[in-house]
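Chains as they are written, first to last, in our numbering: chain A, -8 to 139; chain B, -8 to 139.
Built from N, CA and C at the ideal position, the CB exists for glycine as well.
Shown next, in structure tokens, is the structure this report addresses.
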DNA sequence: CTTTTTTGTGCAACGTCGTTGCGAATAGGG
DNA sequence: CCCTATTCGCAACGACGTTGCACAAAAAAG
């Protein structure tokens, strides 16, 4: 009895949709970032997928590729490391649609994507043309609140 | 005829107000950042004050000190370098009051402080407590608009 | 299935930004 | 002017991220 072709999983679909090849590294990186509700830095992703899975160079190249193809977006931060989070499903290489607020917790240091909170609009002075808006809050998250 | 004591300039005042000593490096760094309407990175400040004025280590220590004492604030960015801008006059070591929008121009790469544009409020999910808000726009600034 | 081509991976080496430790210099109060 | 706490500069270091090139793997072609 020949094995039935199993339906493509979510990660496979995502890679296919953005025209990227299936490779173990890409699957691992995507799996590590996609599940999280918060943004991960390069080193964090490295730890997440296991140090032996890939080397730093390939990881950073993968992240850059994912960003360009609309699978991940950079999350601004007031630190000197870059952080990435999974894009919403309708993002593409041409345009991003991640207009949600980010929240950085000073205690657990996670930067959460509050996907249910939209970025409010602002009126810009004449001459400024914005194509991307980021709203970043810092404070204490749900899980890190002091008891009381 | 003895020279009259000249009135303390703005930079002297700022250092005194925050309880910091007057040193050439601090005056130079403060002068470089205070005039600008946009945020500067460490290397940019270094270039601004002249490479021979100080070495990197002292510069970064100065920036950290200024940040802690409320003279400068970090401006979030989606790059891996830290950028600083001058605080408004009422900022102190205890609290910052720079609730203005920042605008990053992709052409000239400057991150402007739009001090006249306030950061709009958002409603947070229960449990999140924010003490600092950042609003960052990216696009094209007044000076870099394509003609037409 | 095999071959070809295209694309991704890993190694080595490197550049930049930012940091620690410690002795020398300096600001500011007596 | 002198003393003391603070700051500066040097040396060395560490982390993050990047480039160039040879090899390997994935997709496409036969």
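Query: Proximal chain A residues relative to residue 133(B), where beta-carbon distance stays under 7 Å; Result: 118 and 119
Query: Chain-ordered neighbours of residue 8(A) on chain B, where CB pairs are closer than 8 Å; Result: Near residue 8(A) there are no residues of chain B at all, since even the closest Cβ is about 24 Å away, more than 8 Å.
Query: Member of 106(A), 70(A) and 17(A) whose CA lies at the smallest distance from the CA of residue 60(A); Result: 17(A)
Query: Three CB pairs or more closer than 8 Å across the stretch 45 to 65 of chain B and the stretch 120 to 136 of chain A; Result: no
Query: Helix, strand or coil at residue 56(A) [DSSP, three-state]; Result: helix
Query: Per DSSP, the bridge partner or partners of residue 92(A); Result: 105(A)
Query: Local conformation of residue 33(A) per DSSP, three classes; Result: helix
Query: Where residue 23(A) falls: helix, strand or coil (DSSP); Result: helix
Query: Same chain, Cβ closer than 8 Å to residue 84(B), neighbours up to 5 away in sequence not counted; Result: 9, 59, 60 and 61
Query: The stretch 78 to 93 of chain A in contact with the stretch 93 to 105 of chain B per 3-pair CB rule at 8 Å; Result: no
Query: Buried or exposed (CB count within 10 angstroms, at least 16 for buried), residue 104(A); Result: buried
Query: Whole-angstrom C-beta distance between residue 40(B) and residue 72(B), which should lie under 8 Å; Result: Between residue 40(B) and residue 72(B) the Cβ distance is about 17 Å, and since that is not below 8 Å, they are no contact.
Query: Extent of the continuous beta strand (DSSP E) run through residue 72(A); Result: First-last for residue 72(A): undefined, no H or E at that position.
Query: Cβ of residue -8(B) within 8 Å of any chain A Cβ; Result: Here residue -8(B) scores only 48 on pLDDT, less than 50, and its place in the model should not be relied on; the value that follows carries that caveat. No, residue -8(B) lies away from the interface with chain A (no Cβ there is under 8 Å from its Cβ).
Query: Limits of the unbroken alpha helix (DSSP H) element including residue 120(A); Result: Premise fails: residue 120(A) lies in the beta strand (DSSP E), 120 to 131, not in any alpha helix (DSSP H).
Query: Per-residue burial, residue 184(B) [other beta carbons within 10 Å of its own, 16 or more giving buried]; Result: Since the displayed chain B opens at -8 and closes at 139, residue 184(B) lies outside it and no answer follows.
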